[in-house]
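Residue numbers (my numbering): 82 to 336.
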């Protein structure tokens, strides 16, 4: 019995994100990633999507109350110190959820992966207020935009300038997978410094949900008591293996 208790001592981590029926992105992908990092994954759905790795047909959003009702029963049972938020309806819902989480645990670390567009081409958010986002970032530990997302948030600014603005409120990982010049180079804005991560190998292999997996891997690393730069490094190693794990757009989580 003592050996059994020792084996199941893993931190609980929570994903609040969309439900993707093919399992490549959203809550299902996050929980697969959490388990791979020896954490216990919990999930709350923000919406139901109608998609697979090649087609996105639509989304039905859950209300803020429905999201919180799912979270409440988890917080009543488990100690949750680390949360990732993925696809969410709008900034009002994002702020509402973040405020709820911080009320449950003022020391909670929240990562937001700002999914503005599905890999199949569907736009989730078109009217984006940088000022509003800056206010919400004060509740976040880390935000993980890609180059296209940072350009949408800060049109007319250089990518690193936009990320620098966000970093005044929280840590920022600017993902370079969409870059035509420095593909795969990620920049971490952390403690008033910028750390650049070089890719192991520049690859054009695409995977549905790769952004979800990366942010989930970072969260799991933090839950395993790694400091942020180390968690990012380990997550990048994981995502590289994920990208080359299959010859389809659906990646595998056991290599």
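Built from N, CA and C at the ideal position, the CB exists for glycine as well. The structure displayed is predicted, hence computed values, not measured ones.
- Between the C-alpha atoms of residue 294 and residue 178 there is a straight-line separation of about 21 Å.
- The bridge partners DSSP lists for residue 126 are 98.
- Taking a contact as a CB-CB distance under 8 Å, the pair residue 170 and residue 193 does not count as one, their CB atoms being some 13 Å apart.
- Membership of residue 222 in any alpha helix (DSSP H) is not indicated, and neither H nor E is assigned to it by DSSP.
- Residue state for residue 306 is assigned as coil, using DSSP reduced to three classes.
- Less than 9 Å divides the Cβ of residue 314 from the Cβ of residue 278.
- Cβ-Cβ distances below 7 Å link residue 122 to 94, 96, 111, 112, 115, 116 in the same chain, with the five nearest sequence neighbours on each side left out; the list follows chain order.
- Judged by their CB atoms, residue 211 and residue 226 are not nearer to each other than the 9 Å cut-off.
- Looking only at 326, 302, 151, the smallest Cα-Cα distance to residue 316 is reached by 302.
- Given a length threshold of 4 residues, each whole run of the alpha helix (DSSP H) inside the stretch 111-195 is given here in chain order: 145-156, 172-185.
- Contact check for residue 167 against residue 291 fails: the beta carbons are separated by 9 Å or more.
- Following the DSSP letters along the chain, one finds residue 255 inside the beta strand (DSSP E) bounded by residues 252-255.
- Distance from the CA atom of residue 120 to the CA atom of residue 298, rounded to whole angstroms, is 10 Å.
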